[in-house]
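> Numbering (our numbering), first residue to last: 1160 to 1814. C-beta: ideal position from N, C-alpha, C; glycine also. Please read all numbers here as calculations on a predicted model, not as lab measurements.
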Ligand SMILES: [Zn+2]
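1) By Cβ distance below 6 Å, which residues in the same chain neighbour residue 1645 in space, the five residues on each side in sequence not counted?
2) Under 8 Å by Cβ, that's how I've got residue 1575 and residue 1550 pegged, so tell me the actual separation to the nearest angstrom.
3) Counting C-beta neighbours from all protein chains within 10 Å, is the total for residue 1283 16 or more, i.e. buried, or is it exposed?
4) Just to confirm the assignment, what range does the alpha helix (DSSP H) spanning residue 1622 have?
5) Output yes or no for whether 9 Å exceeds the beta carbon distance between residue 1555 and residue 1580.
6) Thinking C-beta only, is residue 1453 closer than 9 Å to residue 1395?
7) Of the residues 1248, 1281, 1702, which one's Cα is nearest the Cα of residue 1345?
8) Does residue 1414 come out as helix, strand or coil in the three-state DSSP assignment?
9) Rounded to the nearest angstrom, how far is the Cβ of residue 1164 from that of residue 1256, given a contact under 8 Å?
10) Determine whether the Cβ of residue 1334 lies closer than 9 Å to any Cβ atom of chain C.
11) Taking the alpha-carbon of residue 1793 as reference, which of 1302, 1214, 1781 has the nearest alpha-carbon?
12) Just tell me which of 1377, 1171, 1307 has its CA closest to the CA of residue 1273.
13) Could you compute how far the alpha carbon of residue 1594 sits from the alpha carbon of residue 1583?
14) Report the start-end ranges of each beta strand (DSSP E) in the segment 1476-1559 that is 3 residues or longer and not cut off at the edges.
15) Which residue from 1205, 1213, 1599 puts its Cα closest to that of residue 1719?
16) Determine, using beta-carbon pairs with one atom in the segment 1458-1474 and one in the segment 1415-1428, whether at least three such pairs fall under 8 Å.
17) So, at 7 Å on beta carbons, what are the nonlocal neighbours of residue 1261 in its own chain, with the 5 sequence-adjacent residues on each side left out?
18) Less than 9 Å between the C-beta atoms of residue 1677 and residue 1712, yes or no?
19) To test your reading of the DSSP string, which unbroken beta strand (DSSP E) runs of 3 or more residues are found completely within the segment 1421-1485?
20) Please classify residue 1798 as buried or exposed, where buried requires at least 16 neighbouring CB atoms within 10 angstroms.
21) Roughly how far, in whole angstroms, is the beta-carbon of residue 1597 from the beta-carbon of residue 1560, given that I think they are within contact range, below 8 Å?
22) Pick out the complete beta strand (DSSP E) segments inside the segment 1352-1401, 3 residues or longer, and give them in chain order.
23) Is residue 1208 a contact residue of ligand 1, with contact defined as CB to any heavy atom under 8 Å?
24) Between the Cα of residue 1384 and the Cα atoms of 1329, 1609, 1362, 1330, which residue gives the shortest distance?
25) Compute the minimum distance between the beta carbon of residue 1214 and the heavy atoms of ligand 1, and state whether it is under 8 Å.
26) In three-state terms, what does DSSP make of residue 1730?
27) With distances taken from CA atoms, which of 1519, 1194, 1333, 1290 is nearest residue 1430?
28) Kindly indicate which residue of 1237, 1235, 1250, 1175 has the alpha-carbon position closest to the one of residue 1215.
29) Excluding the five sequence neighbours on either side, which residues of its own chain have a C-beta within less than 6 Å of the C-beta of residue 1704, listed in chain order?
30) Taking only runs that begin and end inside the segment 1248-1317, name each unbroken alpha helix (DSSP H) of 4 or more residues, in chain order.
31) Using the three-state DSSP reduction, which class does residue 1405 fall into: helix, strand or coil?
32) Go to residue 1574, then tell me how far its alpha helix (DSSP H) extends in each direction, as first and last residue.
33) At a cut-off of 8 Å, is residue 1464 close to ligand 1 when judged by its beta-carbon and the heavy atoms of the ligand?
34) Give the straight-line distance between the Cα atoms of residue 1386 and residue 1448, rounded to the nearest whole angstrom.
35) Taking the straight line between their C-alpha atoms, what separation do you get for residue 1660 and residue 1568?
36) Assess contact between the segment 1176-1192 and the segment 1490-1502, defined as three or more Cβ pairs (one per stretch) separated by less than 8 Å. Is contact present?
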């Protein structure tokens, strides 16, 4: 199935210790064996988010989220499982083999086909742009915009011709099918005969890359006054505009402590050409949550935003600032400064650089305002009558208290209050208290929102867990669990048996708690290692099977590895990680390995006795309807079972 190999995942989990992974986002304090901090996944004022370094896991007792370092990255960065492994691999220097990027090979194949199409398209656009005849109008436009040959080549800018040759014909010749072409997002079916046609005819073409430099979409700029001025590929199987920033593939290579964020990709290109290679651009829409997260992941010290000077741009600015501040409030471990730059005279960065040069523009970047200063200025400007210069004090108070409540720390808030107080004819303390009240109201609202969202998520999650399809993702299951009939086409609704007795859970927990000691034959015989057959429910059997697959007698990341699977399943209708964590914590309390081994063996005997009891009951029922030869066979089996049960009881006695 092409999964990332187990030993690579182990390596990632060993190097990317949970404490340092979480510490990048959350400020943690040690208390006992665990570390505690404010949960980054829900709003809270007292820490209920814990990290257990020895088990390699995190758990929030407020919202219930938990797992290992990979799960944490998946959750906080909105990445898929393989993406999260890759992300950690890059941070902690573990090389992840290219094979098996995705568990779903059909989907992966379709994605690769689309990426190949986009690559072919980029080549074609580039060739057309540089063709002496075909590309002339595009080249004329580019030179009018002041784009140098070097810049054009660097960004792979091309041209989609108005007439022949058609990209469609070229791709068809290379063997791509119509539906693959439509999947790529750069073709549209014609209304006449459904035949795909080039979406971008007559436009200057900008390849849009992901952070790693793969082409995932295109933007097309009209050469004249045609509408729309900018046309972008729609979202596709390889592209979701909400999750990408233009030029991030170049900006991330800069390793700059600062990231500059602009609204349009023409601005980004102009800034790169002027030497600001740490610039990225949004992709046609206002900033999204995941774009801001992407920014904070790639900016070490500060993010400088440029917003358009028009009304829409200024509205977008407030929205983005609020989102960014909310995000930073939750991530107490991230300390990024937010600054807002203003281009003089309401110009675009592109225009300004062209008229005033790169040196002058450096000043604009340097003069970017700290977020609190920007908001102070905004509140004053927005509420001052441009004719009379009179400040509307009521509205100013509203705005300033609202903006103050967005601040991530008290110093910023107090600074804002200090500047606003004289304008309001109030004391700094009074303004500050009002800001704090706003913050409390806002926090409560946020908390309620979070709680509702979490409850919904939780319900969906429990429904998703234990669906039969989950089992299909497991690494080399020797004997896959047979669940339900094969006919069902909606696996989400197929339920597996997730029941487990208290003794079964405890037994499994002691095995997990013993870890490497389980393979120490001084205390525990080889035949006394748990087997899937010892357990009655599908889920716990499957978990034990996975445990035995991973367990090699010295695996340090055993619990972290298992928590991956726990997080997808339920036991007795409860999240499996909750059930197992509680049981393992209890087992851990028993510090002495000898005593722990004895407890384990006693539980094993009890559980195995229960298996025999169930088997005996089944045989008794069979015996009732059996003929005499069958009866004697059954009796023989029952005698053997009875002997075995006796030996188990003796064993318990010896402990
Ligand atoms: Zn939480």
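The relevant details are as follows:
1) Note that residue 1645 scores 39 on pLDDT, short of 50, meaning its location in the model is unreliable and no value can be drawn from it.
2) That pair is no contact at about 16 Å.
3) buried
4) 1587-1623
5) no
6) no
7) 1281
8) coil
9) 7 Å
10) Absent from the structure: chain C. Only one protein chain is present.
11) 1781
12) 1377
13) 13 Å
14) 1496-1500
15) 1213
16) yes
17) Low confidence applies here, because residue 1261 scores a pLDDT of 47, under 50, leaving its location unreliable and the question unanswered by this model.
18) yes
19) 1438-1440, 1461-1465
20) exposed
21) 5 Å
22) 1355-1357, 1362-1368, 1374-1381, 1389-1391
23) yes
24) 1362
25) no
26) strand
27) 1519
28) 1175
29) 1691
30) 1264-1289, 1295-1303, 1308-1313
31) strand
32) 1569-1583
33) no
34) 29 Å
35) 49 Å
36) yes
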